[in-house]
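Residues in the sequence shown are numbered from 1 upward in steps of one, following full-length UniProt numbering.
We put the beta carbon where it would ideally sit given N, CA and C, even for glycine.
Just so you know, these numbers come straight off a predicted model, no measurement behind them.
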Amino acid sequence: MRMSKRILKYSVIFNGICKIRYNNTVKYTVFPLALVEAALVVSFSTFNSLWAFFTIILRKFLLIFISSIIVVIIKNIYFHIDYIVFSKFLILDILSKLFSFKTLIIHLSFSISILSYIISLNSIITSEKAYQLIILTPIIYTLQHIIFDLDRPPYGYTSTFIQNNNNGFYFLNNRIIIKSILLSACNFILSILFWLDFNSLNFIIPLLIFLHFEIIMLSFNNKIMMGPIYKNHLLSTYSSYPIKTLLDGLKYRPNSNQAFVRVTAFQELSLRAISLDPNDRKEIYYIKYFNPIFKLCLDVIENTYEEINEYLITLEPDAYKLDRNRNKKFTPKYRYTKYGYSNIETSNSTSIIHSFGQKLMKSFNIFSFNNEKINKNKLAEKLVPIPMLFTSSMLSITSLLIVGINSKDSLISELVKLSLNESLIKIKNSIGVMGNWVEKWEDLKRSNLKTDELENESNNNHNNLDLISALYEVSVGSFLEIISECKDSLNDVILDDDVVQLSKWVLETYSYKDNKYDDYLQNNDNEYYRKDAFRPVDDSSVQCFIDDDDDYEEEYRKYLNDPY
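In structure tokens:
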């Protein structure tokens, strides 16, 4: 009897892989770490018999193991990938995070974990010292954990999930050592302030605890963040119908903390799009998959810039100035147009009110969006909580367009050309809206900084981009890559007038004809600007991505003649 093929949901595969990675964290990190630490603690004691030695080391191992498991469990429960920002104001955001039920649960969990760990050290420290550590150490670790949102994995907006093959001591790096030393120093200083205790154990014991916690945290992140690759295979390949399963993941509408599934699906799509193996892209160019996949990517891009645009509409800066397009690099058609105040002064009698209003607004802006760099970053994170969706979608569209248009298969080339204009329009809108964001902050810098300060600020501007400014550069880079790699095919496509104008501006701005474009790419650390990332694969196997169904090619050609 022939076994029927199964179409697995992407979330089922991903959740299964996450459970395996979760178990691997316990098996390959927590267990050996607890065993080594228990052996080190026991080495400071003397024993009358071998049985006493094994009994004590087992008890200490269980205490340290329980301490570690609590950390892993609490990390797993509150794990999330989106930016959680309660307010664009830094102080309000921190207070909202600290005074929450989540903070209480995390603090209690860390307290129990540290209590278990300290009990295992009863042969080294006194009960009075243990009492101090049980009170102070959990508070310090909880505060830094909540304020810096360490439940979110430490990858940025440009990260793609590439498997880490380094199975060695990847966690022994300078960052966690320096962090543990700083936290231990805080513990030591507070011990002096509260108890006038200058004992060096107030530094050494917390240092061991913080290092222990940090190793577990990094191990958990390292395992979970391996993304869409498991044993050198993409996750969707574990289904009998990989692209159908991938499409299910792209469509997945997650619950509160299940956004990781959809992000991983988009990461897999981007890996397939830039893969050197044409077989990874082969089925994506089937018409039944290509159109919905492309639509989902464009929807992500559109939703991102619309969220930003809705915020820009609510702003009312420089309400009394006639010229709103001062020093603009590029004025797109898609821009915010609503303003709360009239931009024309009708009489001189309002000059006093006008002057007073401006001074009053400046006084309030000390804590607002206009004058606070940290608030700007917080606001960007609030508007774009999951930037990886945007960057993965942009990367996928760019690569699929370039490879498809340059394909030797005319059917694929024609299919991709049908989506070229719409894609460029979406990217153009993204550049326009995010460009407005960038220009707003540049205008504020011009108005608030002196000339010499502006020069210093411009030198460090690229290294200190906020989230939306970085996504703006990603959009410009993708647009530039598409029009430069597909320029031979643009004459065959009816392009929107705004797309044509933006194409000229992008090429002139980045001096593509003067070969300065390569320097721009080389000087950029962003992986999405790498010129090689979008190069079409010169391989004959790129041709003939058509299903085996007899009627499919005819259906395909009918669609090309009348797609709507």
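Query raised in the report: Where residue 312 and residue 306 are concerned, what is the direct C-alpha to C-alpha distance, given to the nearest angstrom?
Result: Cα-Cα distance, rounded: 10 Å.
Requested in this report: Run through the stretch 257-313 for me and flag every whole alpha helix (DSSP H) of 4 or more residues, listed as ranges in chain order.
Outcome: Correct list: 259-274, 279-282.
Requested in this report: Taking all protein chains shown into account, decide if residue 466 is buried (16 or more other Cβ within 10 angstroms of its Cβ) or exposed.
Outcome: buried
Requested in this report: Put residue 230 into one of helix, strand or coil per three-state DSSP.
Outcome: Under the three-state reduction of DSSP, residue 230 is assigned to strand.
Query - Candidates 295, 304, 377, of which the one nearest residue 396 by Cα - result: 295
Query - Residue closest to residue 103, alpha-carbon to alpha-carbon, out of 145, 487, 272 - result: 145
Query raised in the report: In this structure, does DSSP put residue 451 in helix, strand or coil?
Result: Only weak support exists for where residue 451 lies, its pLDDT of 49 falling under 50; the coordinates are left without a value.
**Report entry** Reduced DSSP secondary structure (H/G/I, E/B, other) of residue 122
**Finding:** coil
Query raised in the report: Secondary structure at residue 115, three-state DSSP: helix, strand or coil?
Result: helix
Requested in this report: Using three-state DSSP, classify residue 85 as helix, strand or coil.
Outcome: coil
Query raised in the report: Does the beta-carbon of residue 262 have 16 or more other beta-carbons within 10 angstroms, so that it is buried, or is it exposed?
Result: buried
Query raised in the report: Mind checking whether residue 75 and residue 151 have CB atoms under 8 Å apart?
Result: Residue 75 is a Cβ neighbour of residue 151, given a cutoff of 8 Å.
Query raised in the report: Using the C-alpha atoms, what's the distance from residue 484 back to residue 284?
Result: 23 Å
Query raised in the report: In whole angstroms, what separates the C-alpha of residue 363 from that of residue 382?
Result: Model confidence at residue 363 stands at a pLDDT of 42, short of 50, so the residue's coordinates are unreliable; what they give is reported in the following sentence. Going by the C-alpha atoms only, they are around 24 Å apart.
Query raised in the report: For residue 67, which residues of its own chain have a beta-carbon under 6 Å away from its beta-carbon, when the five flanking residues on both sides are left out?
Result: Within the same chain, residue 67 has close Cβ partners 113, 116, 117.
Query raised in the report: So, are the CB atoms of residue 565 and residue 184 less than 8 Å apart?
Result: The chain is shown only over 1 to 564; residue 565 falls outside these bounds and no answer can be derived.
Query raised in the report: What does a CB cutoff of less than 6 Å around residue 301 pick up in its chain, not counting 5 residues either side in sequence?
Result: 393, 426, 430
Query - Other residues of its chain near residue 386: CB distance less than 8 Å, five sequence neighbours each side excluded - result: 81, 82, 83, 259, 263
Query raised in the report: Taking only runs of the alpha helix (DSSP H) that begin and end inside the stretch 188-234, which ones reach a length of at least 4 residues, in chain order?
Result: 201-224
Query raised in the report: Where are the alpha helix (DSSP H) runs, 4 residues long or more, that stay fully inside the stretch 374-423, in chain order?
Result: 387-405
Requested in this report: Kindly confirm or deny that the stretch 271-284 and the stretch 34-51 touch, where touching means at least three C-beta pairs closer than 8 Å.
Outcome: no
Query raised in the report: Counting Cβ pairs, one atom from each stretch, are 3 or more of them under 8 Å apart for the stretch 23-35 and the stretch 202-221?
Result: yes
**Report entry** Within 8 Å, strictly: CB atoms of residue 421 and residue 500
**Finding:** no
Query raised in the report: The alpha helix (DSSP H) with residue 578 in it runs from where to where?
Result: This structure cannot settle anything about residue 578, because the visible part of the chain is limited to 1 through 564.
Query raised in the report: What residue does the alpha helix (DSSP H) around residue 32 start on, and which one ends it?
Result: Boundaries of the alpha helix (DSSP H) harbouring residue 32: 31-42, taken from the DSSP string.
Query - Candidates 49, 53, 424, 106: closest to residue 38 by CA position - result: 53
**Report entry** Neighbourhood of residue 228 by C-beta, 7 Å cutoff - its chain only, sequence neighbours within 5 removed
**Finding:** 161, 234, 235, 264, 267, 268, 271
Query raised in the report: Does DSSP put residue 152 in a helix, a strand or coil?
Result: The answer is coil: DSSP assigns residue 152 none of H, G, I, E or B.
Query raised in the report: Closest by CA to residue 142, which one among 99, 174, 177, 131?
Result: 99
Requested in this report: Find the nearest neighbour of residue 477 within the set 203, 507, 487, 495, judged by alpha-carbon distance.
Outcome: Closest by alpha carbon: 507.
Query raised in the report: Just how far apart, CA to CA, sit residue 489 and residue 432?
Result: 24 Å
**Report entry** Segment limits, alpha helix (DSSP H) that includes residue 76
**Finding:** 50-77
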